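Take a look at the structure set out below.
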Amino acid sequence: MPPPMQAPQNKIALPGVKHVIAVASGKGGVGKSTVAANLAVALHMYGQRVGLMDADIYGPSVPIMFGLGLVDQTRTPFPVEQYGLKLMSMGFLVDPNQAVIWRGPKVAQAVGSFLAQINWGELDFLIIDLPPGTGDAQLTLSQQAPLTGAIIVTTPQEVAIIDARKGVRMFEEVRVPILGIVENMSYFLDEAGKKTALFGTGGGARLAAEAGVPFLGELPIDPRVGACGDAGEPIVRKYPDSPVGLAFIQLAQRLVNDMLAKPQVSALPEVDL
Amino acid sequence: MSSPNDIRPSSLRRDGDGLRIEWADGPSTFVTWRVLRSNCPCASCIEDRSKPPNPFRVLTAQEAAAGPPTPVAMKSVGHYAYQITWNDGHSTGIYTVHALRTLSTIT
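Keeping their order, the protein sequence lines are chains V and L. Under the numbering used here, think of the first position of the first sequence as 1, with each following residue one higher. Under the numbering used here, think of the first position of the second sequence as 274, with each following residue one higher.
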């Protein structure tokens, strides 16, 4: 089904931001926010100036992953800074015990406001943590934001791949370059170094091959990933030498190198009426 | 062979009663405003086109005053489409680059 069923608002320019990267997936629960948070921190560890925008309006997770919570809006300048990153999330504005019960256009408006009304300043990367699916937040960003590209996160099993494929299709439809597929929870690595693939193998690589986009790598399962997220310090910062930490640092290095090598997508020409 | 998503306009301009598009892969195409307006891809126009024609439909005052369809604005949307605001006030149609190529003819 073609996507353009909603009139876009004005385009948003982010002149100080070099690369705007959306981290997306078709399916919820694949670790998209974990990947976005750790990738953002890893990019910062790699010397980049990084912002992280939580576009999951209904289920924001950036505040807890960075040891933050509700802030006093009258006294706190946005974006909030933590671990050297600039952060924005609905979770800074709404009590975590309160549900955000909004229809789509309001979500689109909030996402647009996060982009346009927050002073992101000078950044090498603005990572956008998208909600699951192919709905209002994704469409708003595709139409209004100067997206450099999207990273699709999936887990290996087919039930995740079928939804990730929809995410790939959506970004193809709106002509946002797909920078690659990241496979999360690929295997459990025990203390003896033995890998156990709990959710099957090769799903992410198959999807990448099928879509003709790069496969950016596998991220192992490590119970500390969740524990670090809950404790407010992403694992790549807390345990940078762990297999997961190293995988995130490699992902960040690859993204930086890819951005240097990749030509920017130029805007469509304006119409001479 | 290029995929539909590789097709890209290099310039777009008004040409008489329509739109002239020069494409990056070579062709020059033309489509009248009337064809574009009657193929508006917005949800309400698609629904209207699926219904039998109503011979007793009364034009709104704005439609009657507008005359032949003419764009008053045409802006790019993301990397994939253009949004046209028409002289009858309608503006919810977003024409993908692929749709513009399909609706226009090589001249």
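Cβ atoms here follow ideal geometry from the backbone N, Cα and C, with glycine treated the same way. As the structure is a computational prediction, the values presented were derived from the model and not from experiment.
- Classified as exposed, residue 260 (chain V) has fewer than 16 neighbouring CB atoms from the shown chains inside 10 Å of its CB.
- By the criterion of a C-beta distance shorter than 6 Å, residue 38 (chain V) is surrounded in its chain by 234, 236 and 248, once the five residues flanking it on both sides are discounted.
- Between the segment 240-256 of chain V and the segment 32-49 of chain V there are three or more inter-stretch CB-CB distances shorter than 8 Å, so the stretches are counted as touching.
- Between residue 168 (chain V) and residue 204 (chain V), the CB-CB gap reaches or exceeds 8 Å.
- For residue 372 (chain L), DSSP records no beta bridge to any residue.
- Annotation note: the segment 51-101 of chain V contains the following uninterrupted beta strand (DSSP E) runs of length 3 or greater, listed N- to C-terminal: 80-82 and 85-88.
- Only residues of its own chain outside the window of five on either side were considered, and among them 366 have a CB closer than 6 Å to the CB of residue 313 (chain L), listed in chain order.
- In the three-state reduction of the DSSP assignment, residue 44 (chain V) falls in the helix class.
- Counted as a single uninterrupted DSSP element, the alpha helix (DSSP H) harbouring residue 319 (chain L) occupies residues 316-323.
- Within the segment 279-341 of chain L, the runs of beta strand (DSSP E) at least 3 residues long that lie entirely inside it are, in chain order, 282-288, 291-296 and 301-305.
- Contact between residue 176 (chain V) and residue 352 (chain L) holds: their C-beta atoms lie close to 7 Å from each other, under 8 Å.
- Note that the C-beta distance between residue 128 (chain V) and residue 216 (chain V) is not below 8 Å.
- Non-local C-beta neighbours of residue 17 (chain V) in its own chain, meaning closer than 7 Å and more than five positions away in sequence, comprise 120, 123 and 126, ordered along the chain.
- For the segment 172-198 of chain V, the set of residues with a beta-carbon nearer than 9 Å to any beta-carbon of chain L comprises 172, 173, 174, 175, 176 and 177, in chain order.
- Against chain V, a Cβ distance below 7 Å from residue 284 (chain L) picks out 269.
- For residue 310 (chain L), no chain V residue has a Cβ inside 7 Å of its Cβ, as the nearest lies near 15 Å away.
- The residues 358, in chain order, have a CB closer than 6 Å to that of residue 364 (chain L) in the same chain once the five nearest residues on each side in sequence are set aside.
- Any Cβ of chain L closer than 8 Å to the Cβ of residue 109 (chain V) would place that residue at the interface, and such an atom is absent.
- Taking a Cβ-Cβ cut-off of 9 Å, the neighbours of residue 344 (chain L) in chain V comprise 271 and 273, given in sequence order.
- For residue 349 (chain L), the enclosing beta strand (DSSP E) stretches over residues 344-350.
- The Cβ atoms of residue 57 (chain V) and residue 107 (chain V) sit closer than 8 Å to each other.
- For residue 340 (chain L), the closest alpha carbon among the candidates L:287, L:301, L:306 and L:377 is that of L:306.
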